[in-house]
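If you're matching positions, the sequence shown starts at 116 in the working numbering and goes up one per residue.
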Amino acid sequence: MTRFFRKYSRTLILVFMSLLLIVFLVGDVVGRRNRGGGILDEKIGAAFGRDIRTPDVNQADRDIRLLSRLPFPMVRLLSSSGDGPLAYSLLLEEARHAGVLANRESAVQFMDSMSGGRAGDAMNQLMAQTGYSEDHILGAFSRFLAIFTYQGLMASSGLPSTVRLEGSYQRFVQTAKIKSVILDSRAFDGLVDEPTQEQIQAEFDAGRDRETAHTSTEIVNGYRLPDRVEIEYLTVDPRPLVVDIRVSEREAKKFYDAEKQRYARPDLDPATIQNMRDPTQMQANMIAPSYEEVRERVREDARLARAVKQAQTTMNHVAEAIRLAWKNPATDEAGFHVAPEGAPSFEELAQRFATEGVVLKKITLTGAADLRINERGFANAAPDGVEERLDAATLAFRVQGLYEPDPEKPDALKLGLNEPSPLMFSWLEGSSGNDTEAYIFRVTRAAPAEPAPSLEDIREEIVENLRRKAAYDMALDYAKQLRDAAGGEGLQSAVDQATGLKAIIEKADEPGAAEIESSTSGRYARLLTPLESSVRRASTNLPNLGVTDQITQVFDMKKGESRVVENARTQKVAVVESLGIDPLYRDPFESRLPEVMRDQFGQMAQVFTMEWFNPDNVKARTGFQPVNAAKK
């Protein structure tokens with residue numbers, strides 16, 4: 116069975132790779148602890164009859180920081196939690212308690228498999244990046260390998276039942292043939308009357324203190340203002356610096372040698388493609404071109420890398436200036452830092468470092484959703500070397516006035532008003548390497564969520580929403596008329612006889628009709644032309660309609676029956692006629708069983724992994740008893 120999953124489950128490639136490498140030792144390699152009597156050696160709690168002490172958690176913290184540089188989602192899950200290091204210590208005890216241990220040799224083999232046979236290069240790179248010794252890195256890998264392997268054993272122990280596999284096969288394979296037309300509510304905009312003052316007032320009263328919550332079948336507009344923040348941030352965009360940077364041939368070749376895998380491409384040799392059926396051969400399917408083949412690209416990348424380093428150096432200087440000014444800030448009763456006297460403003464810092472490319476940008480009062488849409492690069496930036504890897508769009512709302520600190524987590528990352536953030540990093544858009552842009556920000560104003568202050572402030576938005584809803588209701592009424600007409604002679608005949616509807620559509624398709632911004636020649640008429648297609652049981656998307664949970668009802672329809680399928684989120688309505696459901700047969704199911712099992716097991720493993728590494732679940736599963744439990 117293990118061989119079967121290694122062959123068919125990409126999701127668990129690493130799990131079963133580690134199963135091959137694990138070594139069960141008599142000695143307690145993983146469980147060794149530094150129990151020295153230093154001042155930081157305190158008991159935190161107990162699990163499995165063993166003490167969990169501060170050196171254990173500190174070691175776990177160092178391991179997480181090292182391993183979070185690598186593509187291990189479960190480590191990143193732990194690194195984003197304040198309880199991550201404690202949970203990691205408990206996971207280690209859990210593996211040790213089950214007898215799953217790993218040694219230096221298995222860690223080397225694991226690194227070798229992860230790096231495509233280049234463990235030495237990977238080790239040298241990690242040592243250069245972190246400053247850790249080889250022994251330290253291998254120790255961290257051996258501990259991670261024990262945790263990862265035990266989790267893999269538990270994940271692989273629960274196999275999906277035959278009934279579940281058959282249901283999955285039916286859901287993802289069985290199709291229904293349909294004929295459909297779409298009515299876009301924007302085609303009816305020209306027929307909608309202006310809402311009355313009474314309707315506007317009623318809409319404001321109903322939605323003033325609620326959030327927008329459209330469903331597939333209902334338009335629910337909300338006007339409650341979300342939590343909002345006003346932000347200033349300092350940054351150096353590396354890209355404008357590239358024009359002044361020159362890279363020699365020698366430097367470009369050195370860059371290529373260090374980053375050769377960046378330029379690797381799939382090996383399309385037929386023999387190699389055949390090997391791809393074995394997941395353990397995946398690394399071998401990538402080949403690196405010669406320097407001459409990618410010379411110009413290498414030179415561009417090397418220049419950008421130099422620019423990134425230059426920008427980073429500048430931002431480090433900015434961060435150091437801020438650190439000196441905020442060296443020992445006072446703390447208020449809630450635990451927020453208070454701005455010290457004489458701390459430089461961001462305007463002053465921007466002026467001081469202007470010649471090095473530092474710019475100050477300001478974001479007016481905005482909510483988290485708009486921040487992520489309008490400031491993607493900044494919003495996705497996250498701190499490095501900080502226990503909680505919160506992105507800027509999250510950290511900005513952990514601010515005084517919006518965030519209530521948890522007394523049980525006094526070290527959780529948070530910001531006082533005007534307090535500078537840690538140095539944050541975000542991937543440079545369009546870059547193929549590890550190029551990043553650095554940011555330091557502060558929140559200058561925080562406004563809690565509140566009901567819309569007055570009708571006049573949002574009158575135009577309310578009027579537009581009421582017009583959109585009226586147009587949607589009109590489209591829905593015409594769709595129901597088509598459905599009723601199709602019940603007798605079929606959808607095509609119903610459309611042919613809908614002369615009034617077609618006249619509305621034709622007028623909406625006229626250039627500039629009803630000032631419909633997205634109107635293009637014949638667009639709405641094409642949507643009214645019956646389209647034959649197939650949908651699977653797992654489908655959530657109907658052509659031209661969008662994602663809606665209403666699609667599944669086509670499998671409850673008899674052949675020739677028609678129904679209305681709504682999508683209030685996209686404000687479109689479909690009329691669907693069933694042309695029949697394809698039957699399922701035993702032989703195709705058995706031939707595709709490996710594929711179905713792979714998909715089903717992959718989904719189960721993904722959910723299992725998220726639950727397994729959740730710090731709260733780890734503490735509950737291991738029976739962790741904190742020292743302060745008795746005191747409480």
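No residue lacks a Cβ here, since even glycine has one placed at the ideal position from N, Cα and C.
Keep in mind that this is a model prediction, so the values were computed, not measured.
- Bounds of the beta strand (DSSP E) holding arginine 560 are 551-562.
- Counting only the Cα atoms, aspartate 176 lies some 10 Å from serine 183.
- For isoleucine 620, the uninterrupted alpha helix (DSSP H) segment begins and ends at 614-623.
- Between the beta-carbon of phenylalanine 493 and that of tyrosine 554 there is about 6 Å, and that keeps the pair under the 8 Å contact cut.
- Judged by DSSP in its simplified three-state form, asparagine 682 adopts strand.
- Excluding residues up to 5 positions away in sequence, Tyr203, Ala255, Arg258 and Phe259 lie with their Cβ nearer than 7 Å to the Cβ of aspartate 178 in the same chain.
- Per DSSP, glutamate 347 is one residue of the beta strand (DSSP E) stretching across 343-350.
- Per DSSP, reduced to three states, the secondary structure at isoleucine 696 is strand.
- Following the DSSP letters along the chain, one finds arginine 467 in no beta strand (DSSP E) but inside the alpha helix (DSSP H) bounded by residues 461-467.
- Within a 10 Å sphere around the beta-carbon of glycine 164 sit fewer than 16 other beta-carbons, which makes this residue exposed.
- The Cβ-Cβ distance between proline 566 and arginine 412 does not fall below 7 Å.
- Taking the Cβ atoms as the reference, serine 693 lies roughly 6 Å from isoleucine 293, within the contact range of under 8 Å.
- By the neighbour-count criterion, in which a residue is buried when 16 or more other Cβ atoms sit within 10 angstroms of its Cβ, glutamine 312 is exposed.
- Here DSSP, grouped into helix, strand and coil, assigns methionine 269 to helix.
- The straight-line gap separating the alpha-carbon atoms of glutamate 345 and glutamine 607 is approximately 55 Å.
- With 16 or more other CB atoms across the displayed protein chains lying within 10 angstroms of its CB, isoleucine 167 is buried.
- Shown here, arginine 365 sits in a helix according to DSSP, grouped into three states.
- Sequence-distant partners of serine 331 (beyond 5 residues in either direction) whose C-beta falls short of 8 Å from its own C-beta, in its chain, are Thr663, Asp664, Gln665, Glu681, Asn682, Ala683 and Arg684.
- Apart from the 5 residues on each side of it in sequence, glycine 516 sits with its Cβ closer than 6 Å to the Cβ of Ala561 in its chain, given in chain order.
- Non-local C-beta neighbours of threonine 327 in its own chain, meaning closer than 7 Å and more than five positions away in sequence, comprise Val335, Asn336 and Gly337, ordered along the chain.
- Residue environment analysis places glycine 214 among the exposed positions, since fewer than 16 neighbouring C-beta atoms fall within 10 angstroms of its C-beta.
- Across the structure, isoleucine 437 and aspartate 304 are spaced so that their CA atoms are roughly 55 Å apart.
- For glycine 695, the CB contacts under 6 Å within the same chain, skipping 5 residues up- and downstream, are Lys292 and Lys674 in chain order.
- Shown here, valine 413 sits in a helix according to DSSP, grouped into three states.
- Inter-segment contact for the region 641-650 and the region 542-550 is absent: fewer than three beta-carbon pairs are separated by less than 8 Å.
- Burial is judged here by how many other beta carbons sit within 10 angstroms of a residue's own beta carbon; serine 569 has fewer than 16 and is exposed.
- In terms of Cα proximity to proline 353, the closest of Glu318, Arg421, Ala379 and Arg583 is Arg421.
- A contact between stretches requires three or more CB pairs, one per stretch, nearer than 8 Å, and the region 451-469 meets this requirement with the region 533-542.
- Leucine 349 places its beta carbon less than 7 Å from that of valine 473.
- Taking 7 Å as the cut-off, the beta carbon of valine 691 is found closer than this to the beta carbon of arginine 678.
- Looking only at Ala445, Val650 and Val172, the smallest Cα-Cα distance to aspartate 671 is reached by Val650.
- The residues Ala483, Leu486, Arg487 and Ala494, in chain order, have a CB closer than 6 Å to that of alanine 508 in the same chain once the five nearest residues on each side in sequence are set aside.
- Taking 7 Å as the cut-off, the Cβ atoms of aspartate 227 and alanine 217 do not count as close.
- In the same chain as lysine 584, and ignoring 5 residues on each side of it, the C-beta atoms closer than 6 Å to its own belong to Ile334, in chain order.
- Inter-residue distance for serine 405 and tyrosine 378 is about 9 Å (C-alpha atoms, whole angstroms).
- Glutamine 425 sits close to leucine 356, with the two beta carbons spaced by under 7 Å.
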